[in-house]
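To keep things clear, I will list the structure first and then write my remarks on it.
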Amino acid sequence: MSKKKIYWVFGIAFSAILVIALSASLAFISISGRAIDSPEVQGNSQNQYSIPSVSEARAQLVANQKKAWDHMPISYSINREACGGYESRQIERAFNEISSVTNGVVSFVEVEIDADISLDCSFVENCYSLSVDINGNSATRTESICGYERGKATVSSSGNVINSAKIELYGLAGFAETDGKGMSGFAVGRCGWPQTEVHEILHAFGYRHNDNPNSIMYHKAENVGYSINKLGACSNSIRSIDEYIIEDLIVTYG
Ligand SMILES: [Zn+2]
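Using the working numbering, the first residue of the sequence shown is number 25, and each one after it goes up by one.
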């Protein structure tokens, strides 16, 4: 995250910036395999929210005068040198997922320059640490990660028409990226599903956060996961694209 600048274009850029309210989160694993997780993980409540119907949610989008692109397909470019092989593939998976759930109504084409959506990657330094405490016959492995945001979308528009979007994705420095050996810094806490990528691309289509913990647009969806080693940690990580978003995409671009 050395030199990044946010350009606010025309003063009406819509920016989806998540303020990280996480303190450093820790995951502990003993070599016996018994996992002890931070209280935040166990206290992860998901049952307080009542999901609005598809029509209610879409009506809200219309009431909020959601912005949209004025053409299809949408072009994109990936800074593959910065993103590396793993993350570049995750980005492609995210585009494919959005195209797939809309039955191809929303489609994408990769270009070298002047893309509608340009994607770049950078790395968070000094965030991951591993220590091993040996105490008599037992050893405790402690991995820790700091709280950080995994992505950010900056969208510029004129009136209700989206003109361009820039997406920045953040990985953890110190992991393998391009050589294929070891885990990618982008894979930490993500469980393989390109959740952050889909989330940021949907921001680039004008969709905002919601309060549904199971939604791809949940406001915490671009935070790093609390745990990096917990068994079953992926169960809360895979959020599907909301029906109201799929319906809105098909109606808007069909
Ligand atoms: Zn977001």
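No residue lacks a Cβ here, since even glycine has one placed at the ideal position from N, Cα and C. Please read these numbers as outputs of a predicted model, since none were measured by experiment.
As computed with DSSP, F132 is found in a beta bridge with I98. Closest in C-alpha terms to G183, from the list E80, D94 and A83, comes D94.
By the neighbour-count definition (other C-beta atoms within 10 Å, threshold 16), Q89 is an exposed residue. Here D157 is bridged, per DSSP, to T164. Cβ-Cβ distances below 6 Å link C107 to C145 in the same chain, with the five nearest sequence neighbours on each side left out; the list follows chain order.
DSSP places A118 in the uninterrupted alpha helix (DSSP H) bounded by R104 to V125. Annotation for D272: the continuous alpha helix (DSSP H) segment containing it runs E267 to Y277. Scanning the stretch 204-243 from its first residue to its last, the whole alpha helix (DSSP H) runs of 4-plus residues come out as 219-227. Counting the other Cβ atoms within 10 Å of the Cβ of G230 gives 16 or more, which makes it buried. The beta-carbon separation of G175 and I158, rounded to 38 Å, does not stay under the 8 Å limit for a contact. Counting the other CB atoms within 10 Å of its CB gives A163 a total below 16, which places it among the exposed residues.
Annotation for C151: I169, C170, Y172, L196 and A197 place their beta carbon closer than 8 Å to its own, counting only its chain and skipping 5 residues before and after. When the alpha-carbon of Y194 is set against those of H223, V148, V129 and V185, the nearest one is in V148.
Per DSSP, the continuous alpha helix (DSSP H) segment holding A87 begins and ends at V78 to A87. By the neighbour-count criterion, in which a residue is buried when 16 or more other Cβ atoms sit within 10 angstroms of its Cβ, L154 is exposed. Going by DSSP, E192 is part of the beta strand (DSSP E) stretching over V185 to L196.
Burial of A245 is indicated by the presence of at least 16 other C-beta atoms within 10 angstroms of its C-beta.
Relative to ligand 1, the beta carbon of E192 is positioned no closer than 6 Å to any heavy atom.
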